[in-house]
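Working notes for the structure below.
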């Protein structure tokens, strides 16, 4: 195998932040050797050499730091940790402050808001990580076994956290009827994307040395074809399948919302169409109802906040008097067909990771990433103008392009700030959160911690530490809206410090 000269690039050396960049605008060699499958590799806050950059973390797993983790040749890509932590913080913000600020909450159906970028960010990060973890695989069957095991564990954990067993903040009860358990969710979608991207990286990478752009394409040609095939399959199903009339039983969770016209517990939805992207008659919902069953879908979908279904749109609210029959119908925003489309976001992240592996110069990486990101973003908006709306619940092609492009641009910004210019102290909170993202997701984003605290109250369930603190801050600011925002910002700070404490104790929760 012919190799081009390999050039070391040090962004900073040690904490002192001494910059000494040796530039080489060529392509490096890729190699297949020892298995790269493993747990996250830990490091201090230093800018990384090329070898260190490529030893980034796998998707979250519970482990205790060992001496081998401190090997200076095995450091994490700090900007990826920061990106992951920033996404966790963003999830807490939009989930807990979304009620006070509906404009940052998920779009009711069409369009994109701040909250609609959270899931694509996670999927993109999974793809980047997979390209680095599996850049060297000595035993493909063994690596595949580990991927399958991690996928199953992520999926089961997702069902446990979002299947209905925990009822969220403000509800001290717990438990779920197995006949109504929700099968899909955030971690389930991430597990599907992780499975697709990892299998493609392990089995569908040609063993070509990468010394040119043509060689780069040859090496990852099958992965690109797989992404195109998934996208085409999604479009054929979305616009080609016939959606017949269907009926559903109103869930007991929604009975309090009943108005005139909803006197019957069974409602009929009139469809009989092809290619509809509207809430009641799309193929994404049809496939979930056929394969999962309506009782196993999310019972309070985002279209409950549309003008047709809420007098407080874009927030949840009472049904209008002329609300259509489908307003109380179940729909899963992380359904089967949309999750297959979402896996393409992981493949985009995989491609960004390949650039990180093979391009040896900081600024050349930034340029390639920027060009690709801008192209994806513009392509998404062109598709929207052509009639393909942006929709997270459906994970439309335009939505995938726009959110993947923005994910790439954000990685460019963070990589340049954190790993090239070494401005890392300002990002330390997000770095800590990114290194323990899984436990923060479970405790904070899934309300396990706040729900547990609310179990201890004074005389009345409303008199618990969480609600009292929030009401106090709202009173101090003389505004429920802005008080809630301050409370959520303090919540993010709290979890950042918790993650910092875990980092100081060298404890990292993984699967």
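Residue numbers (my numbering): 297 to 807.
Don't be surprised by glycine CBs; every beta carbon is placed ideally from N, CA and C.
Counting C-beta pairs closer than 8 Å gives three or more between the segment 491-510 and the segment 632-645, which meets the contact rule. Out of 417, 394 and 401, the CA that lies nearest to the CA of residue 696 is found in 417. Nearest in C-alpha terms to residue 624, of all of 604, 792 and 437, is 604. In the displayed model, residue 775 falls within coil according to three-state DSSP, outside both helix and strand. The criterion of a C-beta distance shorter than 9 Å is satisfied by residue 670 and residue 701.
Rounded to the nearest whole angstrom, the CA to CA distance from residue 750 to residue 761 is 7 Å. For residue 757, the enclosing beta strand (DSSP E) covers residues 756-760. Nearest to residue 561 by alpha-carbon distance, out of 677, 543, 482 and 575, is 543. Beta-bridge annotation (DSSP): residue 753 is paired with 760. With a contact defined as Cβ atoms closer than 8 Å, residue 430 and residue 388 miss out at about 30 Å. Per the Cβ contact rule, the segment 676-691 is not in contact with the segment 467-478 (fewer than 3 Cβ pairs under 8 Å). Distance check between residue 600 and each of 385, 401 and 508 places 401 closest, using alpha-carbon atoms only.
The Cβ-Cβ distance between residue 458 and residue 482 falls below 9 Å. Under the DSSP assignment, residue 673 falls outside any beta strand (DSSP E), being part of the alpha helix (DSSP H) whose first and last residues are 658-681. DSSP, reduced to helix, strand and coil, places residue 545 within a strand of the structure shown.
By the neighbour-count criterion, in which a residue is buried when 16 or more other Cβ atoms sit within 10 angstroms of its Cβ, residue 564 is exposed. According to the DSSP assignment, residue 641 belongs to the alpha helix (DSSP H) that extends over 632-654. Here residue 415 really is in contact with residue 485; their C-beta atoms are around 7 Å apart, less than 8 Å. Within its own chain, the residues whose Cβ lies closer than 7 Å to the Cβ of residue 584, once the five positions on either side in sequence are excluded, are 593, 628, 631 and 632, listed in chain order. With 16 or more other Cβ atoms from the protein chains shown falling within 10 Å of its own Cβ, residue 404 counts as buried. Per DSSP, reduced to three states, the secondary structure at residue 513 is helical. For the 9 Å CB-CB criterion, residue 381 and residue 729 form a contact.
Judged by DSSP in its simplified three-state form, residue 570 adopts strand. Annotation: residue 502 to residue 680 spans about 35 Å, alpha carbon to alpha carbon. In this chain, residue 727 is not harboured by any beta strand (DSSP E); it is covered by the alpha helix (DSSP H) spanning 724-731. Look at the beta carbons and you see the segment 792-803 touching the segment 730-749: at least three pairs across the two are nearer than 8 Å.
Within the same chain, Cβ atoms closer than 7 Å to the Cβ of residue 504 are found at 511, 514 and 515, the five residues on either side in sequence being excluded.
For residue 538, the beta-bridge partners assigned by DSSP are 570. Of the residues 740, 507 and 619, the one whose Cα lies closest to the Cα of residue 790 is 740. Residue 607 and residue 715 have their alpha carbons spaced roughly 48 Å apart.
Put simply, the backbone Cα of residue 719 is about 22 Å away from that of residue 664. The beta carbons of residue 413 and residue 699 sit about 6 Å from each other, so the pair counts as a contact at 8 Å. Counting C-beta pairs with one atom in each stretch, the segment 390-400 and the segment 445-457 have fewer than three that are closer than 8 Å, which means they do not touch. As the crow flies, the alpha-carbon of residue 546 is around 15 Å from that of residue 614. In this structure, the beta-carbon distance from residue 568 to residue 541 falls below 9 Å. The C-alpha of residue 397 lies about 21 Å from the C-alpha of residue 746.
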